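Residue numbers (this note's numbering), protein chains in the order written: chain A, 1 to 1000; chain B, 10001 to 11000.
Encoded as structure tokens, the structure appears first; notes follow it.
2 protein chains.
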Amino acid sequence: MLTFQEIILRLQRYWEEQGTLIWQPYSEKVGAGTMNPATILRVLGPEPWNVAYVEPSFRPDDGRYADNPNRMQMFYQFQVILKPDPGDPQERYLRSLEALGIRRDEHDIRFVEDNWESPVLGAWGLGWEVWLDGMEITQFTYFQQAGGLTLETPAVEITYGLERIALYLQGVESVWDLAWDAHHTYGEILRLQEVDYCRYGFEIADIAHLQEMYRLFEAEAQRCLDESLVVPALDYILRCSHTFNLLDARGAVGVTERARFFKRMRGLTRRVAEAYLARREQAGHPWEGRPGLRRGPVSPATPLHLPLSDAAPAAAGRAPFLLEIGVEELPAGHVSSALQQLRALVPGALDEARLAHGPIHVWGTPRRLAVYVDDLTLRQPDEERVVKGPPARVAFKDGAPTRAAQGFARSQGVDVAELRVEELQGGQYVVATKREEGRPAAEVLADLLPGWIAGLRFPRSMRWDSDGATFSRPLRWLVALLGEDVVACSYAGLSSGRVTRGPRPAGSPDVALGAASDYKATLESYGVLVDPQMRREIIRFQAQTLAESAGGHIPDDPALLDEVTNLVESPTAFLGSFAARHLALPQEVLIAVMKKHQRYFPVLDQEGNLLPVFIAIRNGGSEHLALVRQGNEGVIRARYADAEFFYEQDTRQSLEEFVPRLSSLTFQEQLGSMLDKTGRLESLAPWVGLRLGLSPLELDMLRRAAHLAKADLATQMVVEMTSLQGVMGREYARLSGEPEVVAQAVFEHYLPRFAGDALPATLVGVALALTERLDSLAGLFAVGLAPTGSSDPYGLRRAALGLVQLLVGRGISFSVREGLAEAARALPVPATPEALDAAAVFVTGRLQVALREEGFAYDVVAAVLAERGDDPVRARAAAGQLTAWVPRAGWAQLLDNYARCVRITRDQPRFDLNPGLLQESAERDLYAALLAAEAQVTPQSDVDDLLTTFQPLVPLIERFFVDILVMAEDREQREARLALLQRVAALAEGIVDLSKLEGF
Amino acid sequence: MLTFQEIILRLQRYWEEQGTLIWQPYSEKVGAGTMNPATILRVLGPEPWNVAYVEPSFRPDDGRYADNPNRMQMFYQFQVILKPDPGDPQERYLRSLEALGIRRDEHDIRFVEDNWESPVLGAWGLGWEVWLDGMEITQFTYFQQAGGLTLETPAVEITYGLERIALYLQGVESVWDLAWDAHHTYGEILRLQEVDYCRYGFEIADIAHLQEMYRLFEAEAQRCLDESLVVPALDYILRCSHTFNLLDARGAVGVTERARFFKRMRGLTRRVAEAYLARREQAGHPWEGRPGLRRGPVSPATPLHLPLSDAAPAAAGRAPFLLEIGVEELPAGHVSSALQQLRALVPGALDEARLAHGPIHVWGTPRRLAVYVDDLTLRQPDEERVVKGPPARVAFKDGAPTRAAQGFARSQGVDVAELRVEELQGGQYVVATKREEGRPAAEVLADLLPGWIAGLRFPRSMRWDSDGATFSRPLRWLVALLGEDVVACSYAGLSSGRVTRGPRPAGSPDVALGAASDYKATLESYGVLVDPQMRREIIRFQAQTLAESAGGHIPDDPALLDEVTNLVESPTAFLGSFAARHLALPQEVLIAVMKKHQRYFPVLDQEGNLLPVFIAIRNGGSEHLALVRQGNEGVIRARYADAEFFYEQDTRQSLEEFVPRLSSLTFQEQLGSMLDKTGRLESLAPWVGLRLGLSPLELDMLRRAAHLAKADLATQMVVEMTSLQGVMGREYARLSGEPEVVAQAVFEHYLPRFAGDALPATLVGVALALTERLDSLAGLFAVGLAPTGSSDPYGLRRAALGLVQLLVGRGISFSVREGLAEAARALPVPATPEALDAAAVFVTGRLQVALREEGFAYDVVAAVLAERGDDPVRARAAAGQLTAWVPRAGWAQLLDNYARCVRITRDQPRFDLNPGLLQESAERDLYAALLAAEAQVTPQSDVDDLLTTFQPLVPLIERFFVDILVMAEDREQREARLALLQRVAALAEGIVDLSKLEGF
């Protein structure tokens, strides 16, 4: 059994043998090894830097008084920085695990998307958490930015969680039981200080003292920076950071402070980074060009792989084409997106390149994106093209070609004798017929392929080498084969070839392909299923079969299935179990843990109750499956122990007691904390409730629910798993003895959470849900945070759409503008009329989308929204009624006559109608009918009322326009007539703007 | 070549294999690995604890802007704690060096006394610095106290200086050039931060901010302690300590603050220690009884050593006796002291034990103390003893023994028939003659020997194991042989045997002795010279021979020779050299460096100029001497580079510019800084100068010299080597262009520094030397710091003796009391008359010692001191004159007659003399002679004057006592006669108190 200290010693030795510098923990309390200057400074600039060290990492807020088996305010990281990327950092990492006795062929070791960002350090990177049989043991990141500066040379950062690895290797369940050495457990060494640090951070630390320290540290950091002192300045920033963390643990960081703290620390870090870079620059970057890491052992031999497939021989002059883009593990979503992009791109690109082809297959796994084209022609067809030259009269003098003709022929590469004269655009011109020979497909593809790769777009891309190419994750190999031949091209420093790589559990061996046609079968022989559809189907089938064997079924969850499909290359499902006692936790919690942390499939019985089992998909075959299962079961056990701890901690107090703690959770800097927001909900909700006609009792419930709505955000369970917000609020409200209506409303006020989600069942829930959204919209628009094309960090689209769905779905007529105005009254900042108007318009925009998606015609939607956009339910009703009118007989006539009234008066000022001037009968009849109609419809009338009322006017209008000259010579006469028509046109005002309709 | 990181990795692995826990550097800035809780806390209490770790150690004041090759504000320690003492910690340490490739048989590795104390941590220990070929590479300490608490179980603390070891292993001269790994030097990694930290600490840090931080850290430490939080409290103390160090480097710590800072930090540390102990106590000391370190490899085989000596066979019934006390390296002074004690003790002890013996030899080296006795009897002689019993009349009734007699006989173990009656103390008593058989010497010795060892006293002793035995350094083996047989005894957990140990370079092999007589020769065969006289002589001879070979000689320095003798067991001298360019430094500096740091012998040419060579004494034979020389030369080179750096730094400014910096050097807490003291010297010196009759020009020089006297204490050179105080002051004064008289006085004011040292040559120097001592005596007595029997931390004995030597040596009549009173006027604290009186008496006490040592009779000294003790030069003169009188003819008569006058009047009140009442001629003659004498002598007269004047009175006094009845009936008559005699007796007043003389 490896002791904790032996793990460290072995990792030090392993990385030393790789050629890294071995460094020491830092002399300040840091939150992570990243903060050690050996990382945060050395990753800057162009110089190579490879280093490994232990780092005790302090996160006061994570303290659990040593009561939790694997969460504590201090833990040990083992940090490795490789800069530049040595080309095979994952392999080197996997070999380091082997140095600890963890063999990749016996375990399920996976690289699962996880990106990283530090607001204090102004740093971020993309990468993975590494899973060992389901347990996160390492953070693996391609560092992109530090100190707010883009890294000249991206660095690989590998951060081992030493306790996690030791737990696994020692087979114990609590860090406190780990053997540190032969004589002492981890707990024996560290428990006392852990408890003391927790007491200090949570209970004892003097807030005023800490604030004062922060101020002094910051001031000294500034002094240092004014003198360009790098490391002393960093030290003070680290002290600021730790002091901030203590203040935070102590619950003493208000909302506005938090953002300001981060901003200040980030600003200081940036200055440190700049000062460091300047110093290295002055020194002339002395390490540039130094040798980097020692080469690792050479990859396994690369035998030419014999054809495995009995694919039908290609048609003459044709061959299958394969492009495989080899990558480090892509995020699951990126796999789908890249495949979609390739599917969209390739057919057109081949056609445009005049390369005839058979069916196109686009395949992919986390480690490879592949385009496979059947029967691709080996050569473009030849092409003839007519090129227009100078006018004939210039080109030929007396039938003989002039210098102009000769020049043209030469420029086109044809003989002057081949020039012809043709009539073009009404003139006589010389033309040449150019014959372009088709190029070999291999040549054409070689030109095209780099563009295909470069054209792939990801939500977030990264650099991994200093040549600046970007991709979702690093590219590591390229296969491009046309038949048996390599299509020679290169991209991002890689040259295409015929060598692909086998799966990770097999050690990613190099595998040379004899021909493109061997691709799929060859990888299959290694257990890699490149076709995602097939993989998805196999996973679904395996999982379903296992679920049935356990007497249950897997609830439908296509998103999870999609994700899992793109997390593995060689799926093998297995059934794990957990202790039934965990079922005491709310089922939502158990399922959330499975899905969020582990991507396991839950198994439900016929009544929909969770069974104490899970289904996980391992990447690899069925070898050593028992070991993998055991590991995964250990992980879920620990996760559930965590959850139980949270649950137990949370339920030691009533839900209401969490409300004050919302003061330390930011809603938005200017809008204050979640506690501030709670206050606003409490003041706005009764107003909304009255609008919705709630009873006094319901209003009481609503007020209570508003008070508690956000409380669960301060519970440990929700802090841990945000997706449980509302769910835990309901649970804890019930346990706290709140009325069921209140508990339900706490849950329901988040509804609908996504497209297709349920709406609140209770009116109290609806009122609270509306209140929450009105506050968010009014507030965030007021402070200028309206969503932009690409950015919607507060989810306002969702909020606005939810508002619409709530009102429409529950048939509630409600003025969004009024709601927003009322919401604005409670805001801590003034909301300009323009801002509120923009918010209302934004909601109307969502309504428009919703109505369009429901199938209403564009013009109908526009017509009703122009007048009823503020009241979604009435707009929806109007759209329905208007839609029904359109196909009716007489509609065209009605619309046409109404339009005549509108059009002739549209550009006129509004006149008062003097009925005495209406003398003609057509005038008088119309006027009389108008008065009758005006008595029937108001701006509150619905479309049916309006149109039904309007219908009798149609013949009168028609007669009016026949009999009456509107634009009479006499001004008074003219204005009276216009005023009459204006009154007619105005009948629709507030109801529908028929002018938006087609045919108007 | 071992890189720096490889050294760390190997040490970790080595100690891990020994069974220590491998720990990590601390997350705070510490001054030493000791401050890591893994030491400062874990050494407390009874539980075993073995740990090893790296510790970057920060000492802002040592920063040199990376300009110095081996001094910097941050360096790396490798810290090992072994608790309890495993019994062979030195061996384990030496094997760790072997793990780094440093073989003890190829190098001179030595354990040189060096004790350690931390005022902040309330901690101390005794031990050594370990020298590798003259270079200090490790601190090795038996930790005795921490947090102000005595350690229940002493701990071994081994602190490797990693840079030093690396310098050696890599053969480079500057730490900045060390290879950290294969690609980077130490300087490349650390130089930037080193320079920045220096700039921060010395120039940039905001003093007010640091002070405020200190206050906050202290307050938080208090809060933590009020809640018994151990490690968080320690963290804040460490922050206090580092902040204090920064303030200190910044020159911002005043005198009174310094002591207060230390006291406060020590107080906090004590509370932490107590809190920690309480927590472990509560936990029930869970580690007690855990297995400790794995056993090291077994010692080399222990062959029975064959007799090597041809010692004469012992007389019949007699045999040589050997006691060898095997120890870890004793301080050189302790060796001498222990040998002296044994020499004083053993003969009497053997005699008292009735063990006849031949010559006694007491030998010793740093590792062994030996008593070797020739021809010790194997058996005590039998002894007869007469024991007094009951009175005869009780013992016998009618000639028959009573029960009393029988009881007595039984109690004495004799037959009742053997009782006799003897006359004792004037009565008849029964007596028994008890015959006690002599016990075997082995038995007697077995009883005695533990007492001999236990009785050895050292200036400072230590415990090393929890059994509580104390000694100078740990005892490791005992040999006790009488002839061929072991004298079985035990002490401090050791049992005596016949196995001694060879020298360290040979690996300290166990060596079994066949007989006591083999001892000296056996060890000699290993190169160990146990006889210190022989060792001393060999060293002297070797060194002298080498010096001559280099064309020079070694200045006489018995103290150094004694010390070196007791630093080695197997001396081998060698000649090393250094670059002649270093001779540009003052010779005193070069020699001080050699002696203080290295215990080298300097070599002078005939003119007394230093040659660029040195002689060092290696412990071991002549093998690999070139390597050892090379190492030592490297060390002295580095030392001289250091000294040059100091010299260069110091001479960048004038000496005067150092004066203000004296404000940060404490003289004594209540008496202020050295700057305060300088101020007092400046005010007192002119007064002293006037007393000494200095010219106005000389007075100017004196004032200037007083101003500069202490300035060199603030120079780097003197900070580094205190012994150069005055020497550097003179040097720097000259370089600063001060008048030669001033420069000389700055040097001379320290004279005489030790018994036999020169006195100042200039009167200005004398005046300043007196001034300095008067201020110290007055001040330190005023604040209650008079020396006690064992403690004289301020060297007041030396100061007082110096005062005496100055006055006597230069023949200056001077009232010490007046001088002290004047000095007191400038003190910042009031000096009570009692205190000043005590100071004066103390000086007189030194004078007494000096006069006695000069050979004056006790009574003569007493007689003159009684009247002239305040003025040493006059007392000395008086003693000389009085001594000359004593042997003269007529002295007894003179003294007798004077005594008669004194004696008869001594107990009387003082009467006024009414001459009119003196009517008898004997009275009148005496009176007339008295008047004549009184006209000759005054209290200022010297003894010769007095006695010469008195001589004519002698016959008159004789006649007076014959003719006159002093105690006449008539009161007036009587009082007149007594008054007359009183006036005669009073002639000596103020001159000499003849009543103190023998025979008076």
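All C-beta atoms, glycine included, are put in the ideal place defined by N, C-alpha and C.
Just so you know, these numbers come straight off a predicted model, no measurement behind them.
- Residues of the same chain with a CB within less than 8 Å of the CB of residue 193 of chain A, apart from the 5 flanking positions on each side, are 74 in chain order.
- Beta-carbon to beta-carbon, residue 10712 of chain B and residue 10728 of chain B are separated by about 4 Å, close enough to satisfy the 8 Å threshold.
- Contact check for residue 10715 of chain B and residue 10658 of chain B: beta-carbon distance about 6 Å, within the 8 Å limit, so the pair qualifies.
- In this structure, residue 510 of chain A sits away from residue 493 of chain A, with a CB-CB distance that is not shorter than 8 Å.
- Counted as a single uninterrupted DSSP element, the stretch harbouring residue 917 of chain A is not any alpha helix (DSSP H), since DSSP gives it neither H nor E.
- When CB distances to chain B are screened at a threshold of 9 Å, the residues of the region 11 to 35 of chain A falling below it are 12, 13, 16, 19, 20, 21, 22, 23, 24, 25, 26, 27, 28, 29, 30, in chain order.
- Residue pairing by DSSP puts residue 577 of chain A in a beta bridge opposite A:613.
- Between residue 155 of chain A and residue 15 of chain A, the alpha-carbon positions lie close to 16 Å from each other.
- Taken in chain order, the whole alpha helix (DSSP H) runs of length 4 or more contained in the region 620 to 699 of chain A are 625 to 650, 674 to 691.
- Under the DSSP definition of a beta bridge, residue 10722 of chain B lacks any partner.
- Note on geometry: alpha-carbon atoms of residue 10483 of chain B and residue 10532 of chain B lie some 23 Å from one another.
- Within the region 207 to 235 of chain A, those residues whose Cβ lies closer than 7 Å to any Cβ of chain B are, in chain order, 209, 212, 213, 216, 219, 220, 223, 224, 227, 229, 230, 231, 232.
- Residues of the region 10639 to 10653 of chain B with a C-beta atom less than 7 Å from some C-beta of chain A do not occur.
- Taking every protein chain shown into account, the CB of residue 339 of chain A has 16 or more other CB atoms within 10 angstroms, so this residue is buried.
- Looking only at B:10648, B:10578, B:10032, B:10412, the smallest Cα-Cα distance to residue 10614 of chain B is reached by B:10578.
- Residue contact with chain B for residue 9 of chain A: present (Cβ-Cβ distance below 8 Å to some residue of chain B).
- For a Cβ distance threshold of 8 Å, residue set 24 of chain A lies close to residue 10054 of chain B, ordered along the chain.
- Boundaries of the beta strand (DSSP E) harbouring residue 157 of chain A: 149 to 161, taken from the DSSP string.
- Pairwise C-beta distances place the region 10107 to 10126 of chain B in contact with the region 10257 to 10269 of chain B, as three or more of them are shorter than 8 Å.
- The residues 10, 14, in chain order, have a CB closer than 6 Å to that of residue 99 of chain A in the same chain once the five nearest residues on each side in sequence are set aside.
- Within chain B, the residues placing a beta-carbon under 7 Å from that of residue 196 of chain A are 10229, 10230, 10231, 10232, ordered along the chain.
- Per DSSP, the unbroken alpha helix (DSSP H) holding residue 10520 of chain B starts and ends at 10519 to 10525.
- Chain B has a Cβ within less than 8 Å of the Cβ of residue 204 of chain A.
- In its chain, beyond the 5 residues on either side, 431, 433 have a beta carbon closer than 7 Å to the beta carbon of residue 386 of chain A.
- Among the bridge pairs identified by DSSP, residue 10140 of chain B is matched with B:10128, B:10158.
- Contact between residue 10261 of chain B and residue 10063 of chain B is absent: CB atoms are separated by about 20 Å, not below the 8 Å threshold.
- For the C-beta of residue 10817 of chain B, not a single chain A residue is nearer than 8 Å; the gap to the nearest is close to 54 Å.
- Residue-level contact check: residue 655 of chain A does not touch chain B, since none of the beta carbons of chain B fall below 8 Å from its beta carbon.
- No Cβ of chain A is located within less than 8 Å of the beta carbon of residue 10773 of chain B.
- According to DSSP, residue 475 of chain A shares a beta bridge with A:327.
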